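Structure first, commentary second.
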Amino acid sequence: MIVINSIEKKFGPKVLFDGCCAAINPRHRTALVGPNGSGKTMLARMICGQASPDSGAIAVPASLHIAHLAQEMAIEAASAGYGGPPVFAGLTLSVNRGDKVAIIGPNGAGKSTLLRMCAGLIAPSAGRIRTGGNAIVRYYGQHRLEQLDPDKTLYDTIAAAAPAMASSAIQSILGLFLFSGEDALKTAGVLSGGEKARLSLASILADPGNVLLLDEPTNHLDIESVERLADALATFEGTALIVSHDEFFLNRTATRILEIRPGTYRYFPGSLADYRSYIEEGYIETLQGPNGPAGGGREGAVTREKTAKEQRVLTRESRKQLERRIRKTEEEVQALEEEIAALKKTVDDPANAHDFQLLHETLETTGGKQAEADRLTDEWGRLQEELDTLNSENPA
Ligand SMILES: Nc1ncnc2c1ncn2[C@@H]1O[C@H](COP(=O)(O)OP(=O)(O)O)[C@@H](O)[C@H]1O
Ligand SMILES: [Mg+2]
3 MIVINSIEKK FGPKVLFDGC CAAINPRHRT ALVGPNGSGK TMLARMICGQ ASPDSGAIAV
63 PASLHIAHLA QEMAIEAASA GYGGPPVFAG LTLSVNRGDK VAIIGPNGAG KSTLLRMCAG
123 LIAPSAGRIR TGGNAIVRYY GQHRLEQLDP DKTLYDTIAA AAPAMASSAI QSILGLFLFS
183 GEDALKTAGV LSGGEKARLS LASILADPGN VLLLDEPTNH LDIESVERLA DALATFEGTA
243 LIVSHDEFFL NRTATRILEI RPGTYRYFPG SLADYRSYIE EGYIETLQGP NGPAGGGREG
303 AVTREKTAKE QRVLTRESRK QLERRIRKTE EEVQALEEEI AALKKTVDDP ANAHDFQLLH
363 ETLETTGGKQ AEADRLTDEW GRLQEELDTL NSENPA
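Numbering (the working numbering), first residue to last: 3 to 398.
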């Protein structure tokens with residue numbers, strides 16, 4: 003149980019807590035609600051031990067492990083535009099570390115403007131944007147392609163973006179974006195539009211920081227490169243905000259959706275496929291702005307009705323992705339089992355029979371690894387079932 007005992011906390015002149023008491027019991031799920039600035043984040047930080055109350059105490063039993071998912075970016079009632087009426091107004095969004103947020107909506111809705119604001123390229127005209135203290139933000143937009151130095155080789159372009167990177171790593175990131183060893187010595191100036199986009203993305207991912215802002219990253223990319231980019235993002239542990247019209251790509255990468263339309267927006271904490279099916283099944287309504295019904299444009303029609311060809315590509319993509327995850331899960335379970343076997347040897351070794359500290363620690367580690375292996379085995383079964391269903395519904 004976590005006990006908050008009569009705490010007081012001021013932030014500057016503002017009193018956030020005055021004689022606040024509370025208890026959080028085992029298995030309780032407690033929501034912290036309240037307006038901006040009322041002290042929710044401060045309370046979380048005090049419970050984590052990152053800040054202390056001015057008086058009173060918060061008692062956290064030593065046996066508890068506290069995991070804290072920090073807010074990476076907070077957009078608070080922000081408006082932005084280009085001097086005239088704002089492109090969007092009063093937008094509030096909280097992005098947690100590791101979130102991959104897809105920003106979708108019709109052309110002109112303000113997606114790129116929002117991303118530019120997050121990148122600090124334009125300032126909000128009202129409200130504010132706060133970025134986590136350790137955030138290293140990287141922005142990819144159309145203009146990045148024009149910033150490539152035409153006289154630099156591909157190799158030097160990556161080396162300049164990530165000076166600490168070893169030569170073999172530079173080659174491998176170029177390879178990941180489908181440039182061969184010989185290509186590395188070409189200059190950026192001779193590349194086609196699609197190759198420039200690949201090079202520019204490779205140079206960002208060579209040193210991605212921890213917050214990636216990507217504006218239409220799959221424009222000019224062929225399907226294989228889109229796949230490579232999606233793979234790279236899947237292993238990226240940082241936060242990403244992605245503007246894209248590419249449903250395949252977003253389905254592979256996004257874990258959160260922000261839909262914006264003129265005069266309105268909506269946040270959905272799930273995948274794009276879930277978002278679409280929630281709307282299709284009537285759990286939530288199609289997002290409508292104050293300026294009339296939504297989705298009347300060409301784009302709405304395109305996203306709703308997938309052609310048979312697109313459906314086939316989607317199926318093929320899902321199958322590939324499932325197969326890859328199944329393989330990866332198998333490898334992980336195998337690696338864990340090897341580790342567990344090695345740990346068992348330590349326990350069985352007569353030489354260690356009286357080293358109780360070692361035995362205790364080893365058994366504890368073994369238990370953790372076993373639990374993880376069990377979880378992955380379940381996951382493997384679930385993925386395998388999903389693949390079987392996909393294959394039976396879509397015979398090759
Ligand atoms: N540099 C700019 N100067 C003035 N207006 C702009 C500029 N960039 C975009 N706009 C306008 O802002 C609105 C939103 O554009 P944008 O953010 O590019 O939308 P989206 O990315 O959703 O297509 C559009 O009406 C567009 O014409
Ligand atoms: Mg745009």
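Where a beta carbon is used, it is the ideal one built from N, C-alpha and C, also for glycine.
Values in this document were obtained by computation on a predicted structure and should not be read as measured data.
Placement of the Cβ of serine 114 at a distance of less than 7 Å from at least one heavy atom of ligand 2 is found. Shortest gap from the CB of valine 245 to any heavy atom of ligand 2: under 7 Å. With the rule of 3 Cβ pairs closer than 8 Å, the region 152–167 counts as touching the region 204–218.
Relative to the non-hydrogen atoms of ligand 2, the Cβ of aspartate 101 never comes closer than 7 Å to any of them. In this chain, cysteine 22 is not harboured by any alpha helix (DSSP H); it is covered by the beta strand (DSSP E) spanning 16–26. For glutamate 10 against serine 57, the beta-carbon gap comes to about 5 Å, under 8 Å, which counts as contact.
Counted as a single uninterrupted DSSP element, the beta strand (DSSP E) harbouring serine 96 occupies residues 90–98.
Where asparagine 393 is concerned, the enclosing alpha helix (DSSP H) starts and stops at 358–395. Around the beta carbon of asparagine 253, 16 or more other beta carbons sit within 10 angstroms, so the residue counts as buried. Short of 8 Å from the beta carbon of threonine 255, and not among the five residues preceding or following it, lie these beta carbons of its own chain, in chain order: Lys102, Ala104, Ala232, Leu235, Ala236, Ala242, Ile244. Distances taken from the Cβ of aspartate 151 to the heavy atoms of ligand 2 include none shorter than 7 Å. Contact between the region 70–87 and the region 217–230 is not established, with fewer than three Cβ pairs separated by less than 8 Å. In the displayed model, glutamine 73 falls within a strand according to three-state DSSP. Remark: the C-beta of asparagine 109 is in contact range of ligand 1, defined as less than 7 Å to any heavy atom.
Between the C-alpha atoms of serine 81 and proline 15 there is a straight-line separation of about 28 Å. For proline 271 and alanine 46, the gap between their C-alpha atoms comes out near 21 Å. Under the rule that a run must span 4 or more residues, the alpha helix (DSSP H) segments found entirely inside the region 112–179 read 113–120, 145–149, 156–163, 169–178. Pairing isoleucine 262 with glycine 369 gives a Cβ-Cβ distance that is not under 8 Å.
Cβ contact annotation for tyrosine 142 (same chain, cutoff 8 Å, sequence separation greater than five): Ser202, Leu203, Ile206, Leu214, Leu215, Leu216, Asp217, Pro219, in chain order. Ranked by Cα distance from alanine 24, the options Asn38, Ala59, Ile106 are led by Ala59.
Here DSSP, grouped into helix, strand and coil, assigns tyrosine 285 to coil. If you ignore the 5 residues before and after methionine 44, its C-beta comes within less than 7 Å of the C-beta of Lys11, Phe13, Leu18, Ala53, all in its own chain and listed in chain order. Under DSSP, phenylalanine 270 shares a beta bridge with Ile259. For glutamate 10, the enclosing beta strand (DSSP E) stretches over residues 4–13. For leucine 216, DSSP records a beta bridge to Tyr142, Ile244. Pairing alanine 186 with leucine 150 gives a Cβ-Cβ distance that is not under 8 Å.
The DSSP-derived three-state label of threonine 43 is helix. Inclusion of valine 335 and alanine 375 in the CB contact set at 8 Å is warranted, their separation being smaller than that value.
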